[in-house]
Each structure stands twice: as structure tokens, then as C-alpha cells.
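Quick notes on the structure that follows.
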Amino acid sequence: MAEFVDFTSEAFFRDPQAGVASLRAVGPVVATKFPIVGRVWVTTTYEAAARVLKDSALFTLRREGGVLVGLPWWMPKFIATFANNMLTMDEPDHTRLRSIVDEAFRRRAVLDMEPHIRAIADRLADELFAVGSRADLVQRYARMLPLAVICELLGLPPADRPKFIAWANSIANLTSALGFLRLISGMMRMRRYLKARLQVAREQGGEGLIAELVRVEKEGGRITPDEMVSMVFLLLGAGSETTTHLISGSVFELLKDPVRRDWLAADWSRAGLAVEEFLRFVSPVQFSKPRYVRQDVDLEGVKLKKGDRVMAMIVAANLDKEANECPERLDLERRPNRHLSFGTGIHFCLGHQLARIEGICALQALFTRWPALKLAVEPSQIHWRRRPGIRMIAELPVVAGV
Numbered sequence: 003m004a005e006f007v008d009f010t011s012e013a014f015f016r017d018p019q020a021g022v023a024s025l026r027a028v029g030p031v032v033a034t035k036f037p038i039v040g041r042v043w044v045t046t047t048y049e050a051a052a053r054v055l056k057d058s059a060l061f062t063l064r065r066e067g068g069v070l071v072g073l074p075w076w077m078p079k080f081i082a083t084f085a086n087n088m089l090t091m092d093e094p095d096h097t098r099l100r101s102i103v104d105e106a107f108r109r110r111a112v113l114d115m116e117p118h119i120r121a122i123a124d125r126l127a128d129e130l131f132a133v134g135s136r137a138d139l140v141q142r143y144a145r146m147l148p149l150a151v152i153c154e155l156l157g158l159p160p161a162d163r164p165k166f167i168a169w170a171n172s173i174a175n176l177t178s179a180l181g182f183l184r185l186i187s188g189m190m191r192m193r194r195y196l197k198a199r200l201q202v203a204r205e206q207g208g209e210g211l212i213a214e215l216v217r218v219e220k221e222g223g224r225i226t227p228d229e230m231v232s233m234v235f236l237l238l239g240a241g242s243e244t245t246t247h248l249i250s251g252s253v254f255e256l257l258k259d260p261v262r263r264d265w266l267a268a269d270w271s272r273a274g275l276a277v278e279e280f281l282r283f284v285s286p287v288q289f290s291k292p293r294y295v296r297q298d299v300d301l302e303g304v305k306l307k308k309g310d311r312v313m314a315m316i317v318a319a320n321l322d323k324e325a326n327e328c329p330e331r332l333d334l335e336r337r338p339n340r341h342l343s344f345g346t347g348i349h350f351c352l353g354h355q356l357a358r359i360e361g362i363c364a365l366q367a368l369f370t371r372w373p374a375l376k377l378a379v380e381p382s383q384i385h386w387r388r389r390p391g392i393r394m395i396a397e398l399p400v401v402a403g404v
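Going by the working numbering, the sequence shown opens with residue 3, and the numbers climb by one from there.
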């Protein structure tokens, strides 16, 4: 019998620990239902999640024949094309595509971008209250910073940024199959746009990751035109959406407890440790993509059959007391910090360095410019979007304070 937890409920996002505890009480792997995906096993421990993510031969993203697990039959063909990226590929295609984007990233020297990212964060912090004494930190800061960074990294024109903001907002509102259908026309326009930008890079060259990807393509990198579009789409989305919710979730936790905010602001060399703990505690990405079980297997004492589907529950792994002492407590000095917020195995997050840098720069710039920043409402009035698998604050109203 399947256990039921509403993974899109306000209660689950407000207090993931309660939902995780109820599932973990059943076992390390639990049968349940997940929105859009349907019936699926989910892991509730660090070790079970890590095994699902690491054993890419036993737990695959595609069935025999290459069909993507969890892709509904009614999905339009062009959406399926978008889904054909390295995040949804098994070996050997994953390594083929990952090596191409790894090479492009190496050429861009992401770590050297920190001063520029800090400058962007400083500018956005300065402009936070430009249109009023109360601001939504999600839309005016947490979304704008990673979006600005990834657009510059890709080499996309600043004048086109409103298109990406509108697209990011539509993705954030994706909470159901009906919402997905509403998104289709926007994704069709985005596909046409990205194809055009790639063609410009092929014909004229340029700066940024898109131009670097085209150079790798011309040098013999084995990638199809559709895969190139999907790659840029993935980098644009993955490079902005989850970091948005890391930043907003981190700020929310600091504003709930000014003592923590003041402790961090007293010595910004602590920011790296703090961001690592926010990655674990906020857990913006709460689940992996569903995997197909290739053969009967005993997973942490639970028997899964060939053909079953399983998802690694990242938030449960991050709240497992076997991985971290007192995981229910936000500890900005936590060492060691065993979390799976960037995944593990062959699909370990390509942008992990960039996300960490953006998180550090975002917090330092914001609280340096606005040291008395406060919530404009009570914490109990903050709400989360009903987006399965992603923990995202819908709106975070703040005032400058005194």
C-alpha cells in the first residue's frame, strides 16, 4: 500500500522535516505517488538516495529503447526534444554531452567571475528599494542575480533579459499538468529564440558559453543541433532557477533570526560555511528525476522489482541524522556537512561552484547594503509555490529597517 504525502502542500514546504519523518518511519524506501510522475518509490535516507544517484547502471534515467522515465505520454514532441539533455541521459551519451559543456566551462573560468558577480549583486542590492519602501526580494533580487549571471555567462544580450524573466516566472508557476500546458507556447518561443542565438554564434562567433559550445561543436564535438538547443535551455534554467530559491530561502532564514544575520555580517569569511548549510537546510531541489530499476534489487532492505521507478528524495537525505548530527537544526558553522543538494555520481551538478559563489555574493552584498533589513510581514505569512520537487518562496516582502 502506497504512503501519501502531499509534496505540493504549504505544510510540506513550510516544514519538510515533518513530512520526511512520517515517510522515514515507514522505511528507507517508500512507495508513494508524486505529481505528474505517478506511482513511484522515494528514498528517505542519505545512503539510499546516494546509492540511487551513484549506481547509474542499475538506476537509469531511461528505459530500454531510450524512453525517458517520468515523461508523460501526452507530452508534445518538441518538449521531449528539450528533455533530451545531459541531465536526462545515461551513459555513454551523458559523458559525450558532459565533456562538451565541461570544456566550454573550463574556457570561461567560472571561478574568476567572483568579482564581477559581486559587482552585479552590489548593483541589485542598491536598487532593491528603487520603486518603493517595500520590495519583493524574490523578484527584485534573488531571481535577478542568478539570471543576470547566467545570461552573461551564456553571452545572451542584456536587452533580451525581460524574456528570460518572464520565462523563469512561468516555470515557477508550473504546479500541475494544466500549468504545463499553459507553458507550451512560451517554450516554443524560447526554442526558436535559442536556435536563432546559436545560429548567430555559428555565423559570427562571439563571447560566452554559447559561442564556446559552437567552437567545440566545430572542433568535432559530437552533438546534434537539437542537443545544442537543449543544452543551452538546460544551462539557462538550471543556472538560474534553483539558485534563486537558495538565495531567497537563505535570506528568509536569516531574517527570521537576526542573531544569525548579525553573526554572519560580523565576519564574511564565514559565508562559505553558511551557504553550505543553507544548501542542506533549505534544500531548494527536493527530489531527483525518476529512475528506472533495471533489475530486481534490495535497496536498504526494501525489495524493488525490475521496471519500478524510484526517486532520490534529496531533502530527506539532507535531514538524515545518520549523515549529520541534529539535522533539524540550522547550524551555520556545521562541519562536516554531508548533503546531496548538488546530487552525486555522474550527474553531480555542473554549476556547483557558480551556485556557491552566487549565494555568498548575494548574502554579503544584501546585508552589507541593508544591515537592518527586515521582513515586512510575519514569517507565518510567507508562502511557498505548489511546485513539486522544488522548494520556492512565492514572495518575500522586505523593508530596509532602521
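Note that CB positions come from ideal geometry on N, CA and C, so glycine has one too.
Query: Report the start-end ranges of each alpha helix (DSSP H) in the segment 171-253 that is 4 residues or longer and not cut off at the edges.; Result: 179-206, 211-220 and 227-240
Query: If you follow the alpha helix (DSSP H) that R263 is in, where does it begin and where does it stop?; Result: P260 to A267
Query: Would you check if the distance between the CB atom of R387 and the CB atom of T246 is smaller than 9 Å?; Result: no
Query: What first and last residue would you give for the alpha helix (DSSP H) that runs through D128?; Result: E116 to D128
Query: What does a CB cutoff of less than 7 Å around A396 pick up in its chain, not counting 5 residues either side in sequence?; Result: H385, W386 and R387
Query: Between the segment 359-370 and the segment 109-123, are three or more C-beta pairs nearer than 8 Å?; Result: yes
Query: Tell me whether the beta-carbon of A276 lies closer than 9 Å to the beta-carbon of Y48.; Result: no
Query: Using a Cβ distance threshold of 8 Å, determine whether the segment 29-38 contacts the segment 299-307, with at least three qualifying pairs required.; Result: yes
Query: Hey, quick one: how far does the beta strand (DSSP E) through K56 stretch, first residue to last?; Result: It is not in any beta strand (DSSP E) - K56 instead sits in the alpha helix (DSSP H) that spans Y48 to K56.
Query: Of all the options V71, S285 and V312, which has the alpha carbon lying nearest to the alpha carbon of L332?; Result: S285
Query: Are the CB atoms of W372 and L126 within a distance shorter than 9 Å?; Result: no
Query: Consult DSSP for P30 and reduce its assignment to one of helix, strand or coil.; Result: coil
Query: Thinking Q355 and L113 are a contact (beta carbons under 8 Å), I'd like their distance in whole angstroms, please.; Result: 6 Å
Query: Helix, strand or coil: which one does DSSP assign to I395?; Result: strand
Query: In this structure, how does DSSP classify G303 when only helix, strand and coil are distinguished?; Result: coil
Query: Just the C-alpha distance for S187 and F36, rounded to the nearest angstrom, thanks.; Result: 25 Å
Query: Taking M230 as the reference, which of F344, V69, R194 and F9 has the closest Cα?; Result: R194
Query: How about V71 and R389: do their beta carbons lie closer than 9 Å?; Result: no
Query: Inspect the CB distances between the segment 258-269 and the segment 232-246 and report whether three or more fall short of 8 Å.; Result: no
Query: In three-state terms, what does DSSP make of V312?; Result: strand
Query: Mind checking whether A198 and G157 have CB atoms under 9 Å apart?; Result: no
Query: Can at least three beta-carbon pairs, one atom from the segment 14-26 and one from the segment 251-263, be found at a separation below 8 Å?; Result: no
Query: Quick check on the DSSP output: what are the complete alpha helix (DSSP H) runs of length 4 or more inside the segment 86-114, in order along the chain?; Result: 95-110
Query: Kindly give me the distance between the Cβ atoms of Y294 and T62, rounded to whole angstroms, as I take these residues to be in contact under 8 Å.; Result: 5 Å
Query: For the alpha helix (DSSP H) that R16 lies in, which residues bound it at each end?; Result: E12 to R16
Query: Could you tell me the boundaries of the beta strand (DSSP E) in which T45 lies?; Result: G40 to T45
Query: If you draw a straight line from the alpha carbon of M115 to that of S250, how long is it in whole angstroms?; Result: 22 Å
Query: What does the alpha-carbon distance come out to for the pair S58 and V400?; Result: 43 Å
Query: With a CB to CB cut of under 6 Å and the five nearest residues on each side skipped, what residues in its chain are close to S364?; Result: Residue identity differs from the one stated: residue 364 is Ala in this sequence, not Ser. Correct list, in chain order: A123, L147 and I249.
Query: Relative to the C-alpha of M315, which residue among K291, Q297 and D300 is closest?; Result: K291
Query: Measure from the alpha carbon of D92 to the alpha carbon of each residue in A378, M394, G347 and V379, then state which is nearest.; Result: G347
Query: With DSSP run on the structure shown, which of helix, strand or coil describes V295?; Result: strand
Query: Tell me W386's beta-bridge partners as DSSP assigns them.; Result: I395
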